[in-house]
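Visitor:
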Amino acid sequence: MAKLFLGLDASTQSLSAIIIDYDSWRVVYDKSLNFDRTLPHYATQNGVLRSGDPLVAHSPPLMWVEALDTLFAWMKKDRVPLGDLLAISGSGQQHGSVYLNARASAALTRLNPAKSLVDNLRGVFSRATSPIWMDSSTSAECAEIRDTLGDIKATAQKTGSDTFERFTGPQIRKFFKTEPENYAGTASIALVSSFMASILAGQIAPIDHGDGAGMNLMDIRKKTWRPEALKATAPKLGTKLPPLAASSKVIGKVNPYFVKKYGLNPDATALVWSGDNPCSVVGLGLIEEGNVAISLGTSYTYFGCMKRCRVDERGEGNVFGAPTGDYMALICFKNGALAREQALHQYGLTWDDYNRLLRTTKPGNNGGILLPWFETEIVPRVNKPGIHRFNLDPNDAATNCRAIVEAQMMSMRLHSAWMKVKPTRIYATGGGSVNAPVLQIMADVMNCPVFRIEVAKSAALGAALRAAHGWLAHSGQKPRWPNIVAGFTDPIPNSEVTPNPKAVRVYDKLVEKYAICEQDAFTRLNSYQHEASDIQP
Ligand code: XUL
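Printed below as a string of C-alpha cells:
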C-alpha cells in the first residue's frame, strides 16, 4: 500500500491540498480553493475583509472552516484514496489569530457529520473576525509590550523578534484593550494553523514552535510560553493559550467527522500544523545550514535554517522554530521589485533594457552606490522614504540601474550577517529570478552559487513532508527530509549561476562602503528633517 500523506495550506487567499507518496517522493494530488472565487458570500478581497481603516486587515474564520469542508468534498469527488492517508498536517499564514469561546472544545470533539462544518462551528467564536498578518494597526501595543520587556534587543533576545504589528501578542493586546468583555469571554486563542489542526484533530490543538515564535509570546530558546511576555500582553493570557509542541507532534487520531463524511481511515493521524514560512523551509529542502532561499517578489525575502538560535539584536529579522527542530530566519526587504520598477519608469526602460544595462556595466559600479528606499523600508528600518546616492550621477540610467540591484544584494548580505550562516547554496524564486544578470549580481555579492526554482506551493508541500516525518517518527521509523521533491522543487535545468571571483573581490570591499553609506544616511535622517530625495555627498 502506498504511504500517502496530506499537507494543507491555509494561506491568505486560498486553501491548498498536496498529497505525497513517501516511497517515491512524488506529489500525487494537488488542488487549491480560492476563497474569493469559491466562497464569495464572505465578501473577501484576496481573502481579506476590508474595513475603512487601511491599517486593519481581518478575515472570517468561518470561511476557513467552510473551505476545509469544501476541499475534502472536492477530494472525495476527485476519487482521491482518502482511506489510504496515513497522516495529515498543515501550514497556515503566520500570526493570524482565532478567538474561541467556552463551547469550542466540546463542539470540536462532537462534530456531527450530518451537518456542515460551518453549522457545527458557527457558535464557537468569541470574536467574529480574525486579525491576520497584513494588519498593522497595533503600533501602540508593540511599543507597550516592548517597553515592558525592555527594549528592541531584549524583546528580540527573549521572543526571537522585536514586537511587530502583525505579530499575535500585540494583536491580542489590542483585542483586550478595545473589547475587554469579548476578551474575557475568550476561552482559547488559536493561530490560523492551530485552529485548522483543532478541527482535524477534534480537540484544541497545540501551537507548534515554528508558528508560536511569531507571537512575541514564546521564549525562543526554551520553547515555552514566556510568563513575562504573557503578562506584558494581556491578563490571564496563560489560561487561554494551548500548550506549545514540536512540529512533529501527533495530536491523535483524525476527527471521526472526516472518517464518516469523507471516508478517511479511522487510524489516520492528525499532526500539529505550523506556519507557512517554517513549512516552506522543509518544502524547499533547506535542511542544511547554508542552504538559503531568496524570493524576488514585490518585496524580497531571505530565509534559511539555523542550527543555533541567534537573534537579530537590531530587531529587523525574525527567528522562528524550523520543523527540523532547528531555527529559521526570515528577513523581509520591502523595496524589492518595486525599486527596480521605479527606475524603469524614471528612465523610460523595458525589462530587457534593464537587463542589458546590467550586462554592460561593471561590477562595483566604480564605487557608485544608491540606497533604494523608494518606500519606507523594513530592513533596515527606514521610516521616511528617500533615495540616497553616493558618487552616482542621477541622470545616468545604466549606473543607477546597476546600483539598485547591487544595493539590494549588499543589503541582504549585510543584514543577514547576524545569522552567522554563510550561504553555500542559494535558491532564487519569485518573478525577479527570471533575470539572469540579477542572479549574477546575487551570486557575486554573496559569493555563492545560485539556482533558480519555481516555488509551487512550498508551504503545502512542506506540510505534507511534515505529516510524513511526524508519522514515521511516531511509528518508530527513522524519517528523513528530502532535498528535492521531483517535479516540484527541482532547480530549473541549466539555471546555475556561479560567482565570478573577480567580482566577488570587488563586492567584498564595496559592502564595507555600502555599510558606511547606510550609516551616513541614517545620521542625516536622524539629525534633521530630511526632505530631499537625493543626497550627493
Ligand atoms: C511572515 C509573514 C507572512 C505570512 C504570510 O512573518 O507575516 O509571510 O506568514 O502568509
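Position 315 (the sequence shown) corresponds to 314 in numbering that gives the first Met the number 0; numbering is contiguous.
All C-beta atoms, glycine included, are put in the ideal place defined by N, C-alpha and C.
(1) If I follow the unbroken alpha helix (DSSP H) through ARG78, where does it start and stop?
(2) What residue range does the beta strand (DSSP E) around PRO548 cover?
(3) On the CB-based measure, 16 or more other CB atoms within 10 Å of its CB, does SER415 come out buried or exposed?
(4) CB-CB under 8 Å to MET74, same chain, minus the five flanking residues each way: which ones, in chain order?
(5) Output the boundary residues of the beta strand (DSSP E) element that contains VAL318.
(6) Measuring only from the beta carbon, is ASN317 closer than 7 Å to any heavy atom that is part of the ligand XUL?
(7) Quick one: what does DSSP say ILE19 is sitting in, helix, strand or coil?
(8) Which whole-angstrom value is the C-beta distance of GLY324 and GLY430, which I expect to be below 8 Å?
(9) Rounded to the nearest angstrom, what separates LYS508 and LEU85 at their Cα positions?
(10) With DSSP as the reference, label PRO500 as helix, strand or coil.
(11) Please report how far the alpha carbon of PRO322 lies from the alpha carbon of ASP210, in whole angstroms.
(12) Which of the three DSSP states, helix, strand or coil, is assigned to MET327?
(13) Please list, following the chain, all residues that have a C-beta closer than 5 Å to any non-hydrogen atom of the ligand XUL.
(14) Please state whether the Cβ-Cβ distance between PRO60 and TYR41 is less than 8 Å.
(15) Check whether the Cβ atoms of THR428 and ALA245 lie closer than 8 Å to each other.
(16) Does DSSP classify CYS308 as helix, strand or coil?
(17) Taking THR158 as part of the beta strand (DSSP E), name the residues at either end of that continuous run.
(18) Starting from GLY335 and walking both ways along the alpha helix (DSSP H), at which residues does that stretch end?
(19) Does LYS221 pass the burial test, meaning 16 or more other C-beta atoms within 10 Å, or should it be called exposed?
(20) Under three-state DSSP, which class holds LEU270?
(21) Please work out which residues of its chain come closer than 6 Å, Cβ to Cβ, to HIS94, disregarding the five sequence neighbours upstream and downstream, and give them in chain order.
(22) Taking only runs of the alpha helix (DSSP H) that begin and end inside the stretch 9-74, which ones reach a length of at least 4 residues, in chain order?
(23) Once you ignore the five residues that flank ASN499 on each side, which residues in its own chain have a CB closer than 6 Å to its CB?
(24) Who are the Cβ neighbours of CYS516 in its own chain at under 6 Å, not counting the five residues just before and after it?
(25) Kindly confirm or deny that the stretch 326-342 and the stretch 180-192 touch, where touching means at least three C-beta pairs closer than 8 Å.
(26) Between PHE319 and GLY274, which are expected to be in contact by the criterion C-beta below 8 Å, what is the C-beta distance as a whole number of angstroms?
(27) Helix, strand or coil, according to DSSP, for LEU7 in the structure here?
(28) For ARG126 and GLU405, I'd like the C-alpha separation in whole angstroms.
(29) Do LEU67 and LEU107 have their beta-carbon atoms positioned less than 8 Å apart in this structure?
(30) Would you mind sorting PHE257 into buried or exposed? The rule is 16 or more other CB atoms within 10 Å of its CB.
(31) Tell me, which residues are paired with SER193 by DSSP?
(32) For ASP533, which residues from the same chain have a beta carbon less than 7 Å from its beta carbon, with the 5 sequence-adjacent residues on both sides left out?
(33) Count the other CB atoms within 10 Å of the CB of ASN111; is the residue buried (16 or more) or exposed (fewer)?
(34) Would you kindly report the start and end of the unbroken beta strand (DSSP E) that includes ASN446?
(35) List in chain order: all unbroken alpha helix (DSSP H) runs of 4+ residues lying wholly within the stretch 161-192.
Guide: Short version:
(1) Run containing ARG78: none; DSSP gives neither H nor E here.
(2) In the structure displayed, the chain extends from 0 to 536; residue 548 sits before or after that span and is not available.
(3) buried
(4) ALA16, TYR28, LYS30, LEU81 and TYR261
(5) 317-320
(6) yes
(7) Shown here, ILE19 sits in a strand according to DSSP, grouped into three states.
(8) Rounded to whole angstroms, the Cβ separation of GLY324 and GLY430 is 33 Å, and the two are not in contact under 8 Å.
(9) 54 Å
(10) helix
(11) Cα to Cα, PRO322 sits roughly 10 Å from ASP210.
(12) strand
(13) GLN92, GLN93, TRP132 and ASP275
(14) no
(15) no
(16) Three-state DSSP puts CYS308 in coil, outside helix and strand.
(17) From DSSP, THR158 is part of no beta strand (DSSP E) but of the alpha helix (DSSP H) over 151-158.
(18) Counting along the chain, GLY335 falls outside any alpha helix (DSSP H), and DSSP gives it neither H nor E.
(19) exposed
(20) strand
(21) TRP132, ARG165, PHE166, THR167 and GLY213
(22) 34-37
(23) These residues qualify, in order along the chain: ASP443.
(24) If we look at CYS516 and ignore the five residues flanking it on each side, its Cβ neighbours are ILE368 and PHE389.
(25) Contact check between the stretch 326-342 and the stretch 180-192: fewer than three CB pairs, one atom from each, fall below 8 Å, which does not count as touching.
(26) 6 Å
(27) strand
(28) Across the structure, ARG126 and GLU405 are spaced so that their CA atoms are roughly 46 Å apart.
(29) no
(30) buried
(31) Answer is none; SER193 lacks a bridge partner.
(32) Bear in mind that a pLDDT of 46 at ASP533, under 50, signals an unreliable position, so the number given afterwards is only what the model happens to contain. Answer for ASP533: ILE386, ARG388 and PRO393, listed in chain order.
(33) exposed
(34) No beta strand (DSSP E) contains ASN446, which DSSP labels as neither H nor E.
(35) 167-177 and 179-183
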